[in-house]
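Here's the structure, in structure tokens; my notes come after.
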Amino acid sequence: GENLRFDNAESWSAVSMQKFHKILEDCIPHMRFFQINSEDYYLKIYPFRRILPSQLKKDLKAYYFAPKLHLKEKLEGYAPQRSKKKGRYSSERDRKKEILKLYCGKSFSL
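Here the sequence shown is numbered in the working numbering, starting from 1 and rising by one per residue.
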């Protein structure tokens, strides 16, 4: 049998790669490829490029090789990026303002 380890995906046969694609094909549209840093993309995604849709491969190349040219509109149709903020509040200041408003009944400028 073939040694199907993720760290040697470049050497997988076409049949093995096709089986792997069949397992992941419904998940691929939901993956947030555009939030993966370039090193992780190269090490973890690029070896599996054969299973990605051709337009996605083209958009990923543009995103990673020429990020300043990549337009936000091109990301439409792909899984939305997650917000960079953690939790409900974008900053500690917003959290404090919300707490003051909740307990005092009016807004404050901090």
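In this text, a Cβ means the ideal position worked out from N, Cα and C, and glycines have one as well.
task: Assign E25 to one of three DSSP states: helix, strand, or coil.
output: Residue numbering aside, residue 25 sits at position 25 when the sequence shown is read from its first letter. Look at E25 here: in three-state DSSP terms it is coil, with no helix or strand label.
query: What's the C-alpha gap between F108 and D94?
result: The residue labelled residue 108 in the question sits at position 108 within the sequence shown. The residue labelled residue 94 in the question sits at position 94 within the sequence shown. Any reading at F108 needs caution, since the residue's pLDDT is 49, under 50, leaving its predicted position unreliable; the model's value is listed next. Taking the straight line joining both Cα atoms gives about 10 Å.
- prompt: Are the Cβ atoms of P53 and I28 separated by less than 9 Å?
  reply: Here residue 53 corresponds to residue number 53 of the sequence shown, with the count starting at 1. Here residue 28 corresponds to residue number 28 of the sequence shown, with the count starting at 1. Taking 9 Å as the cut-off, the beta carbon of P53 is found closer than this to the beta carbon of I28.
- request: Could you have a look at F108 and say whether DSSP puts it in helix, strand or coil?
  value: Taking the sequence shown and counting its residues from 1, one reaches residue 108 at position 108. Low local confidence applies: a pLDDT of 49 at F108 is under 50, so the model's placement there is unreliable, and no value is given.
Span of the alpha helix (DSSP H), counted from its first residue to its last, around L56: Here residue 56 corresponds to residue number 56 of the sequence shown, with the count starting at 1. Per DSSP, L56 belongs to the alpha helix (DSSP H) from S54 to F65.
- prompt: Under 9 Å, do Q18 and I45 count as touching if we go by C-beta distance?
  reply: As a position in the sequence shown, residue 18 is number 18, starting the count at 1. As a position in the sequence shown, residue 45 is number 45, starting the count at 1. No, they are not a contact pair.
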